[in-house]
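These notes concern the structure reproduced below.
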Amino acid sequence: MKLLRKILVKILGLRGYLRLVSKSYIRMISWGWMKEKYAELHFIKKIVNDGDSVLDIGANLAYYSTLMAQCAGKNGQLIAVEPIPLFAEVWKKNMSGLATLNPILENCALGDTAKEAVKMSIPIVNGVVRHGLTKVVEEGDTDETVMSFDVPMRVGDELISSNNIETLDFIKCDVEGYEQFVMPSLDKTLNKLKPMIQIELSGEENRKNVAEYLVKLGYQIFILKGELLHSIQKSDIFSVNQDFYFIHSDNKESRSKLIHK
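Structure, rendered in structure tokens:
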């Protein structure tokens, strides 16, 4: 598989490779394939309902955005945040023709402080381009990369306000260890609108900080097992190797069909 990826990148170039791979995966997911491997992606169909307002942070190549858009329908609203210009270009192509009314793509990073530019990179791991592991470059970072970009950073609450978002039902967030800065940047939004959150949390400090922050806001922690969400304690977060779901206690009843009793 690694050799095939290297060959495809060499033949098609990175842009062509990303278009081919993303389109293939999106089609397979839409056909209902790979439910065991990508259970959390397929679970979006149960979370997002017609007319919902949804936010995809770290939208990448639109794997989640396409499903979120289809589920939210023409009466819903999708806001996607993807800082890498190359990924944003592929995102737009993969999203073209979907039913969602006026999907919004914000080509920026999110953080607790607005900045004119932060450096982000697409890493190479064991000789293979890993477009799903794109991250903000920290001082002293020596990881091998295929490409780097200077991108603007905005504060989450400001982005929500500037787009006149008055309701928000669901957030998916995957920003490779930067979640501990992204979530607090949405403090006003989370306190007011209390959306359900699906979030990948790599790194112990990042995981601890995000869980503590959201629990203080009144959120409860869940993980996906089979077809339903199961509640876990904050002390259990370090023994889990999958996405976390956070549901605010005020909205637990409205999400009861998703939760194991």
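For reference, each letter of the sequence shown is one residue, going 2 to 262 in the working numbering. Note that the Cβ used here is the ideal one computed from N, Cα and C, for glycine as well.
The alpha helix (DSSP H) with Q71 in it runs from where to where? Y64 to A73
For the 8 Å Cβ check, are there 3 or more pairs between the segment 76-86 and the segment 35-48? Using a C-beta cut-off of 8 Å, the segment 76-86 makes no contact with the segment 35-48, since fewer than three inter-stretch Cβ pairs fall below that distance.
With DSSP collapsed to three states, give me the class of M96. helix
Give the straight-line distance between the Cα atoms of Y246 and L191, rounded to the nearest whole angstrom. Linking Y246 to L191 through their CA atoms gives a straight-line distance of about 14 Å.
For E90, the residue or residues it bridges with in DSSP: According to DSSP, E90 bridges with nothing at all.
Can K116 and S149 be called in contact, C-beta distance under 8 Å? no
Could you have a look at I27 and say whether DSSP puts it in helix, strand or coil? Three-state DSSP puts I27 in a helix.
Tell me the DSSP secondary structure of T146 in three-state form. T146 carries a strand assignment under DSSP once its states are collapsed to helix, strand and coil.
Check whether chain B comes within 8 Å of I224, counting only Cβ atoms and requiring the distance to be less than that. Given the protein chain composition of this structure (a single chain), no chain B is represented.
Spatial neighbours of A89 in its chain, beta-carbon cut-off 7 Å, leaving aside the 5 residues before and after: E83, L106 and N108
Is H132 near K195, with beta carbons less than 8 Å apart? no
Let me know if K136 comes out buried or exposed under the rule of 16 or more other beta-carbons within 10 Å of its beta-carbon. Buried: at least 16 other Cβ atoms inside 10 Å.
In the DSSP output, which residue or residues are listed as bridge partners for Y179? Per DSSP, none; premise fails for Y179.
Looking at A81: is its Cβ nearer than 8 Å to the Cβ of P104? yes
Range of the contiguous alpha helix (DSSP H) that encloses I48: I45 to I48
Considering only their Cβ atoms, is the gap separating M197 from F171 smaller than 8 Å? yes
Between which two residues does the alpha helix (DSSP H) harbouring Y214 extend? DSSP places Y214 in the uninterrupted alpha helix (DSSP H) bounded by E205 to K217.
What residue range is occupied by the uninterrupted beta strand (DSSP E) comprising G112? A110 to G112
Give me the Cβ distance between L215 and E180, rounded to the nearest whole Å; I'm assuming they're in contact under 8 Å. The pair is not a contact, with the Cβ atoms about 10 Å apart (cut-off 8 Å).
With a Cβ-Cβ cutoff of 8 Å, do I260 and F223 count as a contact? yes
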